[in-house]
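> Take a look at the following structure, please.
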Amino acid sequence: MDHEVRACQHEPVSDESLQAGVRQSLRVHRRSIAVLAAVVLVLFGRVGGYEFTLDSRYFLLEDERVSQFQVGAMFTTDWWDVSNRDAVEVGTEGGLYRPLSLLWLASMRAVTTDAALRERKSVPVNLGNVLLHLIGVVLRFMLLLAILEGLSGARKWALVGALILAVHPISTEVVATQVGAAEGLCIVLSTASMLLFLRALDRGGGVAWGLHGMTLFLALLSKESAVAMPGAMVLMAWLLRGRGLLGGLRAAIPSMLVVLSWLGLRAVILGSVVSVGDPVLAQFPVTSSIATAFAVIGAYDLQAIFLPLWLHPNPSVQEIPAAVGSGDPRVVLGLVSVTALVAGGALAWRRAPRVAFGLGFFGGTLLPVTNLIVPIGALAATRFLYLPLTGAVVAIAAGCARLDGPRGRLIAWGLAGWFLVVPGWLCVSEVGVWSDQGALFEVATERYPGAPQGWYQVGVSELERAAGGDPAAFARAGAAFDRAMECQIREIPGRPGIYHEDALEVVYQAAMNRASLARRSLGDIMRRGDRLGFDQAIERAERALRRGFEMTQRGLKIADGGAGAKTDWRSLGTDVLLQRVSLRLQRFGILRPEQRASALEGVAVIVQRMRDLHPRSVRTALAALQLRSARSQMKPEEFGRALQGLFQRSLRTSISEARDVVQAYVGHLHGQKRPGEAARAFLEAHFAGVVTPNAMEVCRAGLEAVKAREASTRALGQRALRQVIAGPDGLEVSLLTQARAALAR
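Under our numbering, the final residue of the sequence shown carries the number 1955; numbering is consecutive throughout.
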């Protein structure tokens, strides 16, 4: 091996303790560490007041393991706790095991005030992520020092590399979204594990080896990305310490044993070693899947590293269109990039082993999340590049340190300057993008205006603003949902007429929300006596429902084509048709007598379509009952009895279908001025698990139920009040006081 590797080798030093070595490193490099801390705090200090975004809302506001600090449940369930929830509702099918990340989130949430949580904010959680990023940057600075030791200007280039890691916009998602703590913990523990591995290699000692194994195991409990670490250990021993490939494999045996132990734990907890319930490219032919994976590398990953202008929180095949063949320029660029990475590592491993290590680390940590080897649930993500960026920076710093002479120094500082100035400047604005969910996806619509996901999320955020007291937000939400509905969904290459299911779901949800907004306005329009406005609102709702039904029919083709649809499109189709029946009957009351027969015939056609689509659905039965009531003018008592029977049947059916019947039955009871019975029905559905109301809805129903004459209804109300008192998150103080007083009586 050449002089560069020999310079990296150390003589054993057995009389220096590990703690003393750490203290000495911190003391010697305190100025560099202070610079790194200042840069990180200046860039990311403002995220302390940011709102919860993306999956953080579920984990910090809804997940009982986090809110109630259930440590045992954290370590015995998957990341999403799918066993206790509706997989469709959660949006995933599990397969992830990250108990340490859950424990971190729970710890930070525990020191957050209730007032902050009601505003969907947590300064401790947000600043905890900043702290993790800072520690990760400092540890990687130490790693760069250890790797570059023996090269000219090693300390200088290690600091430059750490600054790149500190300011690159790839880190914004990890720091600014609360569940980014998983990546933050993983990078801290993985880097600590690598530093301890180098120390154990150089100086031996059971303490260093033991701490190396412990930190690696904890990294794996934070996020699965750490599974690539044994490969990094092989490269370290081989390329940085000159032990050869076989020597590197032997040195990495402890790391491999740790990973095997972790895989065994996963198998016990999750029931399988590797489980990907919803691969993003599952519907794609093999050739299209591979081509699209290379297209993602060429179109998204490269720009995210070199010129991060088009980052996205959750890019799908609508933001990054699927590749139509190997001639796609993005595929060519991806193939060239991968080839250059492999060739560069092969050429550098003898002459510049540090550069080879950086390239190998980058490729080895990126490969598992490219969909080339293992199918995963996401097409791409900025956070996926957080760990691989470490390898890229090692290669850059090592390469710059090797360049000498005026021309070499010019090239080195030009390269370093690009990665410091351009990403650093972009990071300032990118951090602000993550201030709240609405701002995040408003930027996404600017960067990817033809993709429905961003418009849909903007619409949802506007609905939240409307619920917070901004009536003008309803119009903005409607406009956003309209844009989402108008987006053209792309077919899967090689499968004519088959569309990506995730995109269909987004457009379907946008259409249903748009229809709901149009229906919501009908009451106000009728009170104003605006018949033209009423007809226009009806038409807007009908148009949205037709678009939603179109998505369900496309979804049915996925199942018919043998691709194994994950969504019950038949059930969603009946949902759309039921909404159309309700909309037609809502208009029925203002029609002239001579128009009513024709209108009922139109409703009958829709009901028959529901029978053809899903004859045993309770939604179909509900629509048929509503049609029969309109035709025969059923008495309220007769309609109520029929609806009650359907309600009891719905409690034994699927959750999504039961909700419509529960809503209809509870609404009917309220209309008949029977609030106690309505509260009882609502609570029966709640405790049966077919509706998932918030704490305030349960509390109000419980307060109404305890007033009833029937002992069984009062008992149900008391049970509901005890439940909300035990877990009062999201409950107004006045309601909590009323609940306690009612139970005391």
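Using N, Cα and C, we set each Cβ at its ideal position, and we do this for glycine too.
Just to confirm my understanding: we take P1495, look at its own chain, exclude 5 residues before and 5 after, and list those with CB closer than 6 Å. What are they?
The sequence position of residue 1495 within the sequence shown is 285, counting from 1. Excluding residues within five positions, the ones whose Cβ falls inside 6 Å are G1704.
> If we call anything under 8 Å between Cβ atoms a contact, is E1894 one with L1861?
Numbered from 1 along the sequence shown, position 684 holds the residue referred to as residue 1894. Numbered from 1 along the sequence shown, position 651 holds the residue referred to as residue 1861. Contact flag set, yes.
> Counting pairs of Cβ atoms below 8 Å between the region 1758–1773 and the region 1720–1727, do you hit three or more?
A contact exists between the region 1758–1773 and the region 1720–1727.
> So, with DSSP's three-state summary, where would you put Y1307?
As a position in the sequence shown, residue 1307 is number 97, starting the count at 1. It is coil, neither helix nor strand.
> Taking 7 Å as the cut-off, is the C-beta of A1550 nearer than that to any heavy atom in the ligand PLP?
The ligand PLP is not among the ligands present in this structure, which contains no ligands whatsoever.
> Going by beta-carbon coordinates alone, are A1533 and T1580 separated by less than 8 Å?
Position 323 of the sequence shown holds residue 1533. Position 370 of the sequence shown holds residue 1580. No, the Cβ-Cβ distance between A1533 and T1580 is not below 8 Å.
> Taking C-alpha atoms, which residue in K1845, L1835, S1866 lies nearest to V1901?
Along the sequence shown, read from residue 1 onward, the residue named residue 1901 stands at position 691. It is S1866.
> Which of the three DSSP states, helix, strand or coil, is assigned to D1359?
Taking the first residue of the sequence shown as position 1, residue 1359 is located at position 149. Reading the sequence as shown, one finds Glu at residue 1359 and not Asp. Coil at E1359, not helix or strand.
> Counting only the same chain and skipping the five closest in sequence on each side, list residues whose C-beta sits under 6 Å from that of E1299.
One-based indexing of the sequence shown puts residue 1299 at position 89. Bear in mind that the predicted position of E1299 carries a pLDDT of just 42, short of 50, making it unreliable; the figure below should be weighed with that in mind. Closer than 6 Å at Cβ, skipping near neighbours: no residue.
> Is V1943 buried or exposed, if buried means 16 or more other CB atoms sit within 10 Å of its CB?
Walking along the sequence shown from the start, residue 1943 turns up at place 733. It is exposed - the Cβ of V1943 has fewer than 16 other Cβ atoms within 10 Å.
> Does the beta-carbon of V1527 have 16 or more other beta-carbons within 10 angstroms, so that it is buried, or is it exposed?
On the sequence shown, position 317 is the one that residue 1527 refers to. It counts as buried.
> Taking buried to mean at least 16 other C-beta atoms within 10 Å of its own C-beta, is E1920 buried or exposed?
Reading the sequence shown from its first residue, position 710 is the one you call residue 1920. Exposed, by the Cβ-count rule.
> Is the beta carbon of G1765 less than 8 Å from the beta carbon of L1714?
As a first step, residue 1765 must be located in the sequence shown, where it is residue number 555. As a first step, residue 1714 must be located in the sequence shown, where it is residue number 504. Result yes, Cβ atoms of G1765 and L1714 sit closer than 8 Å.
> Does the region 1457–1468 come within contact of the region 1556–1566, defined as at least 3 CB pairs closer than 8 Å?
Counting Cβ pairs under 8 Å, fewer than three are found: no touch.
> Any chance the region 1503–1512 sits against the region 1537–1552, with 3 or more Cβ pairs inside 8 Å?
Yes, the region 1503–1512 is in contact with the region 1537–1552.
> Suppose you measure from the CA of F1285 to the CA of A1747; what does that come to, to the nearest Å?
Looking up residue 1285 in the sequence shown gives position 75. Looking up residue 1747 in the sequence shown gives position 537. Straight-line Cα distance between these residues: approximately 50 Å.
> Mind checking whether A1889 and A1911 have CB atoms under 8 Å apart?
Taking the sequence shown and counting its residues from 1, the one referred to as residue 1889 is at position 679. Taking the sequence shown and counting its residues from 1, the one referred to as residue 1911 is at position 701. Yes.
> What does DSSP give as the partner residues of K1331 in its beta bridges?
By one-based count along the sequence shown, residue 1331 stands at place 121. DSSP, once it has assigned bridges, lists E1261 as partnering K1331.
> Taking Q1280 as the reference, which of R1256, L1306, V1249, L1310 has the closest Cα?
Position 70 of the sequence shown holds residue 1280. For Q1280, the nearest C-alpha among the options comes from L1310.
> Work out the CA separation of V1250 and F1427 for me, nearest whole Å.
On the sequence shown, position 217 is the one that residue 1427 refers to. On the sequence shown, position 40 is the one that residue 1250 refers to. Whole-angstrom Cα-Cα distance: 27 Å.
> Would you mind working out which of I1586, Y1596, V1565, L1569 sits nearest A1611, comparing C-alpha positions?
Translated into positions along the sequence shown, residue 1611 becomes position 401. Comparing Cα-Cα distances from A1611 to each of I1586, Y1596, V1565, L1569, the minimum goes to V1565.
> What is the rounded straight-line gap between the Cα of L1853 and the Cα of M1844?
Residue 1853 sits at position 643 when you count from the first residue of the sequence shown. Residue 1844 sits at position 634 when you count from the first residue of the sequence shown. Approximately 12 Å between the Cα atoms of the pair.
> Counting only the same chain and skipping the five closest in sequence on each side, list residues whose C-beta sits under 7 Å from that of A1751.
The sequence position of residue 1751 within the sequence shown is 541, counting from 1. Excluding sequence neighbours, A1751 sits near A1725, A1728, R1729, L1793.
> Grab the span of the alpha helix (DSSP H) containing W1472 for me, first residue to last.
Here residue 1472 corresponds to residue number 262 of the sequence shown, with the count starting at 1. Per DSSP, W1472 belongs to the alpha helix (DSSP H) from 1463–1480.
> Let me check one thing: in DSSP terms, what residues is Y1709 bridge-paired to?
On the sequence shown, position 499 is the one that residue 1709 refers to. E1701, per the DSSP bridge assignment.
> What alpha helix (DSSP H) runs, 4 residues minimum, are completely inside the region 1802–1877?
Counting whole runs of 4 or more residues, the region 1802–1877 contains the alpha helix (DSSP H) stretches 1803–1823, 1828–1842, 1846–1860.
> Counting along the chain, where does the alpha helix (DSSP H) carrying F1594 start and finish?
The residue you call residue 1594 lines up with position 384 of the sequence shown. Per DSSP, F1594 belongs to no alpha helix (DSSP H) and is neither H nor E.
> What's the C-alpha gap between G1423 and A1553?
Counted from its first residue, the sequence shown places residue 1423 at position 213. Counted from its first residue, the sequence shown places residue 1553 at position 343. Going by the C-alpha atoms only, they are around 32 Å apart.
> On the three-state DSSP scale, how would you describe S1731?
For the purposes of this step, residue 1731 is taken as residue 521 along the sequence shown, with counting starting at 1. In this structure, S1731 counts as coil in the three-state DSSP scheme.
> For G1301, collect the residues of the same chain with a Cβ closer than 7 Å to its Cβ; drop the 5 residues on either side in sequence, then sort them by chain order.
For the purposes of this step, residue 1301 is taken as residue 91 along the sequence shown, with counting starting at 1. Here the model assigns G1301 a pLDDT of 43, short of 50, so the residue's position is not dependable, and the following value carries that caveat. Around G1301: no qualifying Cβ.
> In chain order, what residues of the same chain lie with their CB nearer than 8 Å to the CB of G1660, ignoring the 5 residues before and after it?
Translated into the one-based positions of the sequence shown, residue 1660 becomes position 450. Q1528, C1697, Q1698, listed in sequence order.
> Looking only at its own chain, which residues have a Cβ that is under 7 Å from the Cβ of A1376, when we skip the five neighbours before and after it?
One-based indexing of the sequence shown puts residue 1376 at position 166. L1246, V1249, V1250, V1347, listed in sequence order.
> Can you give the beta carbon distance from A1918 to L1931, rounded, assuming they're within the 8 Å contact cut?
Translated into the one-based positions of the sequence shown, residue 1918 becomes position 708. Translated into the one-based positions of the sequence shown, residue 1931 becomes position 721. In fact, because the Cβ distance is near 13 Å, the residues do not count as touching under 8 Å.
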